[in-house]
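Participant: Residues in the sequence shown are numbered from 164 upward in steps of one, following this note's numbering.
Quick reminder that beta carbons are idealized off the backbone N, C-alpha and C, glycines included.
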Amino acid sequence: MRRMNGEFDRALLRRFEPVARFTRGEQFFPLDVERYVRICSLWMRHRNGDAVMVVPLGELTLERLAEHRPSRFGTIHFLKLIDPLTVKELASYRLQRLRSRKDDGDVFHAGRGRLARVGYISRLGDALFALSLLGRGRVPGDTAAAAELTYQAMQRAAPGFHYHGRVARCDGWVVLQYWFFYVFNDWRSGFFGANDHEADWEMVSVYLAEAPEGELRPEWVAYGSHNDPGDDLRRQWDDPEVQKVGEHPLAYMGAGSHASYYQPGEYLTELEVPFLYRISRAANRLQLLWHERLKQFREDIDPDAPSPEVLLRISFVDYARGDGLAIGPGQAVEWSEPRLLEPAPAWVTGYRGLWGYHARDPFEGEDAPSGTDVQPRRHGASCLV
């Protein structure tokens, strides 16, 4: 399949660009990553924990971000957007939010509690998770408030909603990748989720196949939602679960988490918590001993494997109701001109650091993401997710 020019790729992206539907109460929406980088500083953290500023605020660009910087093994580069608010600033922010609410319809309501949907063991795990926040390098709630104020200022200066698009050609497929960048992920502080962190990358992909007459037709669509694997992420284009506005698939974005779903709803998701692994291994060894003493030994028991009877995950609700802002074709707000990633710019291939603050969270849930992967993920011999 021959490579087309940039205008052809741009037209393809615009033809199938998704409609993103958000949940009421969402504070952060996709924007051009270049605007974000320009108001960040670049840092590096050594293995001993010391952080050193590499590029100060006001001097960073995507070009400088892509520069090669020799460093020792284990050094982590990361961007820093904001500092937490002071007590006075946080109080002023909350008062301003109360005054700005026009009516109760502008406020997010969780409804039925997520813990009411799970068993007592999961509730115990949730309590342990909450206690762990006291000893973690987490991003505090006032940082989410500071990020919201920063994002609002950016939108006042230059309103707009952008995605970063790439047209990849692989094994006979034409893959339209729609990358969405968010200033902040406030799933925990805003919507009772698992984590908060600076920066967030999400993606929706549309897979086109060439018909005998040469026309490109959509065959598959794939959304990114937490830790779901292949079959759980993709749907055939004509699947009834895939809602569309014309040729534009609807993606229901999780509140604060920005994961995407095919249908509106409230999704119970389970996230792995590393500190429970040791508990699981210990329980599995006890189970092994129990079988040996009772002469009921089973060869399929692995003493180092997690026991299915022991909780390894904690349940959270991802609210993807679609009752908030909608962005895309035919909506009150449409996408601004897409930012093309083909050919892949130097900052995509050259920067290997975090796109936001390195919180040193031992569970890594509150550290910023490490960035984009512009290659289509493979499933067998194809490019399907």
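Measuring alpha carbon to alpha carbon, tell me which residue in A308, G417, W350, Q426 is nearest L253.
Facilitator: Selected option, being the one with the closest Cα: A308.
Participant: Do the stretch 320 to 332 and the stretch 377 to 390 meet, that is, are 3 or more Cβ pairs less than 8 Å apart?
Facilitator: Result no; under three Cβ-Cβ pairs closer than 8 Å.
Participant: Do E404 and F179 count as a contact pair if the criterion is CB distance below 7 Å?
Facilitator: Not a contact, by the Cβ cut-off of 7 Å.
Participant: If you run the structure through DSSP and keep just helix, strand and coil, what is R198?
Facilitator: It is helical.
Participant: Count the other C-beta atoms from every protein chain shown that fall within 10 angstroms of the C-beta of Q363, then say buried if there are 16 or more, exposed otherwise.
Facilitator: For the record, residue 363 in the displayed sequence is Asp; it is not Gln. By the 10 Å Cβ count, D363 comes out buried.
Participant: Compute every distance between the C-beta of G487 and the non-hydrogen atoms of the ligand SAM, then say whether any falls below 6 Å.
Facilitator: Only the bare structure without any ligand can be found here, which leaves the ligand SAM out of the picture.
Participant: Among residues of its own chain, excluding the 5 on either side of H231, which ones have a beta-carbon nearer than 6 Å to its beta-carbon?
Facilitator: Here the set comprises nothing.
Participant: Hey, how far is the Cα of S255 from the Cα of D172?
Facilitator: The alpha-carbon atoms of S255 and D172 are separated by roughly 46 Å.
Participant: Closest by CA to Y482, which one among F355, R235, S204?
Facilitator: The shortest Cα separation from Y482 among F355, R235, S204 belongs to F355.
Participant: Could you check what DSSP says for E226 in three-state terms: helix, strand or coil?
Facilitator: Looking at E226 - three-state DSSP - the assignment turns out to be helix.
Participant: To which residues does DSSP link M216 through a beta bridge?
Facilitator: BP columns for M216 point to W206.
Participant: Any idea if R484 is buried or exposed, counting beta-carbon neighbours within 10 angstroms, 16 or more meaning buried?
Facilitator: By the 10 Å Cβ count, R484 comes out buried.
Participant: Using only CA atoms, which one of Y199, V182, S533, Y520 lies nearest to L320?
Facilitator: In the sequence on display, residue 320 carries Ala and not Leu. Residue Y199 is the option with its Cα nearest to A320.
Participant: Going by Cα to Cα distance, which pick from I239, P532, Y415 is closest to G491?
Facilitator: Of the candidates I239, P532, Y415, the one whose C-alpha sits nearest the C-alpha of G491 is Y415.
Participant: Does DSSP put T306 in a helix, in a strand, or in coil?
Facilitator: Correct three-state label for T306: helix.
Participant: Roughly how many angstroms separate the alpha carbons of E226 and T512, rounded to a whole number?
Facilitator: Roughly 12 Å separates the two Cα atoms.
Participant: Can you tell me where the alpha helix (DSSP H) with R177 in it begins and where it stops?
Facilitator: Run containing R177: 169 to 179, per the alpha helix (DSSP H) assignment.
Participant: In whole angstroms, give me the CA-to-CA distance for L312 and L396.
Facilitator: Their Cα atoms are separated by approximately 33 Å.
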